[in-house]
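Trainee:
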Amino acid sequence: RLMIDARWGVSTELVKRFCRQSVHRGVLLPSFGQGIKASQKPMSEWQRRPGERVGLNWRLGPGTDRQRRVIYDTNFWKTYTFARLAVAIGDPGCLSLFGSKPEQHRLFAEHLTAEYPDQRTSSLTGRTIAEWELRANRDNHWFDCLVGCAVGASIAGATIAGGVTQAPQARPRVRRKWSDVQREKLAQRGL
């Protein structure tokens, strides 16, 4: 999968059109990160739409224009991704960078630290989450890209052994013949 950020207003339609018209449209997805606040309903409680695939704080399916797209909770995924960097090298869930020279990753590190988590609790829901805030005059583009990669990996089925896996899956849909449905309706009416 290759997700392209389509949340920036001036390029939204361009990104969607590119994904739709590309020869690689089978793997391209416009993505829309949405920072869900502590006072808002979490994605796990959103109503499932027809044709939508639901995962760990992401949803893949048709948008209002019927084009496939991904929506994900940036607050959850930024917290999740940042936590991977704190896991000891070699342990399950570790996200590490190559090499042993920190200066090789200085610019990347600046992007990863361009935002900070602010713990907030909603007085309405009692829910506490980290809401990510951008520091003044800092670029966070590579952090957003890394977070998007984590979401894409989750969509592709990647999980952490013994850690957070997937959101509860819906029961498999049972296909029924139309004639069986009609027979059941007639039986309910006593005909």
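Quick note: the sequence shown uses our numbering, first residue 953, plus one each step. Cβ coordinates follow ideal geometry from the N, Cα and C atoms, glycine included.
#1: By DSSP's criteria, residue 995 is part of a beta bridge. Which residues make up the other side?
#2: Taking the C-alpha atoms as reference points, what is the distance between residue 1066 and residue 1090?
#3: Secondary structure at residue 920, three-state DSSP: helix, strand or coil?
#4: Since residue 1144 sits in a beta bridge, which residues does DSSP pair it with?
#5: Report buried or exposed for residue 1118, applying the criterion of at least 16 other Cβ atoms within 10 angstroms of its Cβ.
#6: Would you please state the rounded distance, in angstroms, between the beta carbons of residue 981 and residue 974? I believe it to be under 8 Å.
#7: So, using beta-carbon positions, are residue 998 and residue 1107 closer together than 8 Å?
#8: Whole angstroms are fine: how far does the CA of residue 978 sit from the CA of residue 1083?
#9: When the Cβ atoms of the region 1098-1107 are set against those of the region 1017-1036, are three or more pairs found closer than 8 Å?
#10: Return the CA-CA distance between residue 993 and residue 1135, expressed in angstroms with no decimal places.
Mentor: In this structure, then:
#1: Answer is none; residue 995 lacks a bridge partner.
#2: 5 Å
#3: As shown, the chain starts at 953 and ends at 1143. That puts residue 920 outside it, with no answer to give.
#4: Given a span of 953 to 1143 for the chain in the structure shown, any question on residue 1144 remains unanswerable.
#5: Because the pLDDT of residue 1118 is 40, which lies under 50, any placement of that residue in the model is unreliable, and the number read from its coordinates should be weighed accordingly. Label assigned to residue 1118: exposed.
#6: With 8 Å as the limit, residue 981 and residue 974 do not qualify as a contact, their Cβ atoms being about 11 Å apart.
#7: no
#8: 33 Å
#9: yes
#10: 40 Å
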